[in-house]
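Asks: In this note's numbering, the protein residues as written are 18 to 577.
In this text, a Cβ means the ideal position worked out from N, Cα and C, and glycines have one as well.
Since the structure is predicted, the reported quantities are computational estimates derived from the model, not experimental observations.
(1) Does the segment 429 to 439 come into contact with the segment 378 to 387, if we say contact requires no fewer than three beta-carbon pairs (one atom in each stretch) closer than 8 Å?
(2) Identify every residue that forms a DSSP beta bridge with residue 173.
(3) Would you list, in sequence order, the uninterrupted alpha helix (DSSP H) runs of no fewer than 4 residues that lie entirely inside the segment 224 to 312?
(4) Determine the contact status of residue 547 and residue 478, defining contact as a CB-CB distance below 8 Å.
(5) Decide yes or no for the touch test of the segment 257 to 276 against the segment 183 to 198: beta carbon pairs closer than 8 Å, at least 3 of them.
(6) In whole angstroms, what separates the C-alpha of residue 340 from that of residue 295?
(7) Within its chain, find whatever has a CB closer than 7 Å to the CB of residue 166; leave out the 5 residues flanking it on each side and keep chain order.
(8) Let me check understanding here. Comparing Cα to Cα, which of 86, 208, 416 and 281 lies closest to residue 444?
(9) Take every Cβ of the segment 86 to 105, pair it with every Cβ of the segment 32 to 41, and state whether three or more of those distances are shorter than 8 Å.
(10) Going straight from the alpha carbon of residue 514 to that of residue 459, what length do you get?
(11) Report the residue from 328, 381, 288 and 336 whose alpha carbon sits nearest the alpha carbon of residue 368.
(12) Following the continuous alpha helix (DSSP H) through residue 396, name the residue where it begins and the one where it ends.
(13) Assign residue 423 to one of three DSSP states: helix, strand, or coil.
(14) Quick check: the segment 51 to 71 against the segment 22 to 38, are at least 3 beta-carbon pairs closer than 8 Å?
(15) For residue 74, which residues of its own chain have a beta-carbon under 7 Å away from its beta-carbon, when the five flanking residues on both sides are left out?
(16) Rounded to whole angstroms, what is the Cα-Cα separation between residue 497 and residue 122?
(17) Have a look at residue 322 and residue 487 and give me their C-alpha separation to the nearest angstrom.
(18) Kindly list the residues whose CB is nearer than 7 Å to the CB of residue 25, restricted to its own chain and excluding five residues on each side of it in sequence; keep chain order.
(19) Going by DSSP, name the residue or residues bridged to residue 118.
(20) Just to confirm, are residue 431 and residue 78 a CB contact at a threshold of 8 Å?
(21) Please report the Cβ distance between residue 44 and residue 101, rounded to the nearest whole angstrom; I am assuming they are in contact, meaning their Cβ atoms lie under 8 Å.
(22) Are the CB atoms of residue 343 and residue 216 nearer to each other than 8 Å?
(23) Could you pull the DSSP bridge partners for residue 527 from this structure?
(24) Going by beta carbon distance, what residues of the same chain come within less than 7 Å of residue 220, once the five residues before and after it are set aside?
(25) With burial defined as no fewer than 16 other Cβ atoms inside 10 Å of the residue's Cβ, what is the status of residue 139: buried or exposed?
(26) Quick check: the Cα distance between residue 350 and residue 107, rounded to an integer number of angstroms?
(27) If contacts are defined as beta-carbon pairs under 8 Å, then residue 164 and residue 27 qualify, I think. What distance do you get, rounded to the angstrom?
(28) Ends of the alpha helix (DSSP H) at residue 106?
(29) Is it the case that the Cβ atoms of residue 254 and residue 228 are separated by a distance below 8 Å?
(30) Quick one: what does DSSP say residue 359 is sitting in, helix, strand or coil?
(31) With respect to the beta strand (DSSP E) encompassing residue 320, which residues constitute its N-terminal and C-terminal limits?
(32) Just tell me which of 310, 48, 346 and 539 has its CA closest to the CA of residue 332.
(33) On the three-state DSSP scale, how would you describe residue 137?
(34) Measure from the alpha carbon of residue 257 to the alpha carbon of each residue in 363, 520 and 226, then state which is nearest.
(35) Starting from the C-beta of residue 169, find all residues in its chain whose C-beta is less than 7 Å away, skip the five residues before and the five after it, and write them out in chain order.
(36) Could you check which residue in 403, 277, 48 and 558 has the C-alpha nearest to that of residue 411?
In structure tokens:
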């Protein structure tokens, strides 16, 4: 068997894992790796910044369900990945990050572009490894993909010194691997299944609260079957959007709950007698004041990670395991063929009619919700929508109804500005031929605006819709509500010309300033065969409502 070098082993390992696309940026300690990429069939997308490479891998993973792969050189290249890795970690996204490292003989000497990548990333990865011989590369890559995509998904980092990439050895990719302390297949615990079934069958005001775990486990269809069988309404977390069709024909969808949730979803949580929570970690943005959250309800908590049970909200009954497996077991075990929830559903419908989502009009100006709802109407909700982070993110979550998993991609736990645009690039490679749209704010978009060049070079057909209010809108909103309108460093006295920047980068640019221009401008951007940017000018005073003030119960909402 002819020997190959470590860099070639990395590419053969990735090929063996079925990787078709990787995102990265070359540098000194990964030149051997990029030399191997030159001869590989794997598509490499050359980004303009390593953070964007990590976010692109993240977006690819969220849409495809497969681990996203990113590459960076040592030192600053690796540290630029950190925000993207942390984003994936908090949202349980499978990712494999491959970093170069200084030669093994130079580690610990403060060599040029040396950084302790493993030490820096330990708190934000599911696992990390540094290989010290070429023969360790195959097993390390195999382990990385297995760990990233089993159990609770997460990012795994593989650090490879430059001399190991150059060294030759025999390569044989392992068919299987084993670990002494990692056995996700043994984590299922359904010992309280009967108690859960009894609670659901006998509940008068039951509610399903669906989190991102439903989507990651591929359990959306099974969740819909259970909800329809028991006539149980469904609310979701931000990351749970798409776990249940938001235009459900029976009216079972209540929309997103939490700080900026739909009034009916929040009120349902606070008046339910049984809540079946699936794949949610009960973040603070969901629960509001913890002591009052669903205080009248008995909680059935389903989660793949046993550590999440009772971590934030106490449960009467818990079931540990993959959401699909557990929901399947629940549906099969329920004996009632029909449950009459008419009074409960009628009560919720009255709340929905009495307290709809606010749609504030701004005479002569474009309202944020108008952009979101018009985009959804034009695309039929079929596009993949990514968002940056801020007011526009919440407007999108409120007003863009999502019908299936993998169609709404956003940074939840870390709330990462600069995420949405590169994530859209990754999503575009995960679903070629489909519309991928990014809802951005002017503040967030500036954080990775350089990737317009990436879109132009590869003709990636991502459409970016900027809700431009010339400020850091969400921080400004908090300053208005809680800091006596002392707008410290949130208002921009000037903004760049996004249309000219786009055109300067080789991307089509559009501007809309009036309500009557919204539809035709969106249609024009969507008709462009390649990438496009639309600059929508919206009122600076526009607010995200409803809003639950920090520390308040989630049914104490500012509605108007």
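Replies: Inspection of the coordinates gives the following:
(1) no
(2) Sequence index remark: in the chain shown, residue 173 carries index 156 (1-based). DSSP, once it has assigned bridges, lists 113 and 144 as partnering residue 173.
(3) 229 to 233, 237 to 247, 280 to 288 and 301 to 304
(4) As a working note, residue 547 is residue 530 in the chain shown. As a working note, residue 478 is residue 461 in the chain shown. Yes; because the gap between Cβ atoms is below 8 Å, this pair is in contact.
(5) no
(6) For the purposes of this step, residue 340 is taken as residue 323 along the chain shown, with counting starting at 1. For the purposes of this step, residue 295 is taken as residue 278 along the chain shown, with counting starting at 1. One C-alpha to the other measures close to 7 Å.
(7) What you label residue 166 is simply residue 149 of the chain shown in a count that begins at 1. Cβ neighbours of residue 166 beyond the five flanking positions: 84 and 111.
(8) As a first step, residue 444 is located in the chain shown; it is residue number 427 there, counting from the start. Comparing Cα-Cα distances from residue 444 to each of 86, 208, 416 and 281, the minimum goes to 86.
(9) yes
(10) Here residue 514 refers to the residue found at position 497 when the chain shown is read from its first residue. Here residue 459 refers to the residue found at position 442 when the chain shown is read from its first residue. Answer to the nearest angstrom: the Cα atoms are 11 Å apart.
(11) The residue given as residue 368 occupies position 351 in the chain shown. Of 328, 381, 288 and 336, the residue nearest in Cα terms is 288.
(12) For the purposes of this step, residue 396 is taken as the residue at position 379 of the chain shown. Note, residue 396: alpha helix (DSSP H), 385 to 396.
(13) Taking the chain shown and counting its residues from 1, one reaches residue 423 at position 406. Residue 423: coil per DSSP, three-state reduction.
(14) yes
(15) Residue mapping note: residue 74 aligns to position 57 of the chain shown, counting from 1. Closer than 7 Å at Cβ, skipping near neighbours: 40, 85, 86, 87, 112 and 443.
(16) Along the chain shown, read from residue 1 onward, the residue named residue 497 stands at position 480. Along the chain shown, read from residue 1 onward, the residue named residue 122 stands at position 105. Spanning the two alpha carbons is a distance of roughly 56 Å.
(17) Position 305 of the chain shown holds residue 322. Position 470 of the chain shown holds residue 487. If you take the alpha carbons of residue 322 and residue 487, they lie about 41 Å apart.
(18) Start at 1 with the first residue of the chain shown, and residue 25 comes out as number 8. Cβ neighbours of residue 25 beyond the five flanking positions: 53.
(19) On the chain shown, position 101 is the one that residue 118 refers to. In the DSSP output, where bridge partners are listed per residue, residue 118 has 178.
(20) The count along the chain shown starts at 1 and reaches residue 431 at position 414. The count along the chain shown starts at 1 and reaches residue 78 at position 61. Not a contact, by the Cβ cut-off of 8 Å.
(21) Here residue 44 refers to the residue found at position 27 when the chain shown is read from its first residue. Here residue 101 refers to the residue found at position 84 when the chain shown is read from its first residue. 16 Å between Cβ atoms; not a contact.
(22) Counting from one through the chain shown, the residue named residue 343 turns up at place 326. Counting from one through the chain shown, the residue named residue 216 turns up at place 199. Cβ atoms of residue 343 and residue 216: not closer than 8 Å.
(23) The residue you call residue 527 lines up with position 510 of the chain shown. 551.
(24) Walking along the chain shown from the start, residue 220 turns up at place 203. Excluding positions up to five away in sequence, the list reads 290 and 291.
(25) Translated into the one-based positions of the chain shown, residue 139 becomes position 122. Classification of residue 139: exposed, given that the 10 Å Cβ count is below 16.
(26) Locating residue 350 in the chain shown gives position 333, counting from the first residue. Locating residue 107 in the chain shown gives position 90, counting from the first residue. When rounded, the distance between both Cα atoms is 33 Å.
(27) Within the chain shown, numbered from 1, the residue matching residue 164 stands at position 147. Within the chain shown, numbered from 1, the residue matching residue 27 stands at position 10. Rounded, the Cβ-Cβ distance is 17 Å, inconsistent with contact.
(28) Position 89 of the chain shown, counted from the start, is the residue given in the question as residue 106. From DSSP, the alpha helix (DSSP H) with residue 106 extends over 93 to 107.
(29) The residue you call residue 254 lines up with position 237 of the chain shown. The residue you call residue 228 lines up with position 211 of the chain shown. Closer than 8 Å, so yes.
(30) Against the chain shown, residue 359 aligns to sequence position 342. Helix, per DSSP.
(31) Walking along the chain shown from the start, residue 320 turns up at place 303. Start and end: 315 to 320.
(32) The count along the chain shown starts at 1 and reaches residue 332 at position 315. The candidate whose alpha carbon is nearest that of residue 332 is 310.
(33) For this step, residue 137 is matched to residue 120 along the chain shown. Residue state, collapsed to three classes: helix.
(34) Start at 1 with the first residue of the chain shown, and residue 257 comes out as number 240. Considering only alpha carbons, the answer is 226.
(35) Along the chain shown, read from residue 1 onward, the residue named residue 169 stands at position 152. Within the same chain, residue 169 has close Cβ partners 109, 321 and 322.
(36) Within the chain shown, numbered from 1, the residue matching residue 411 stands at position 394. Nearest C-alpha to residue 411: 277.
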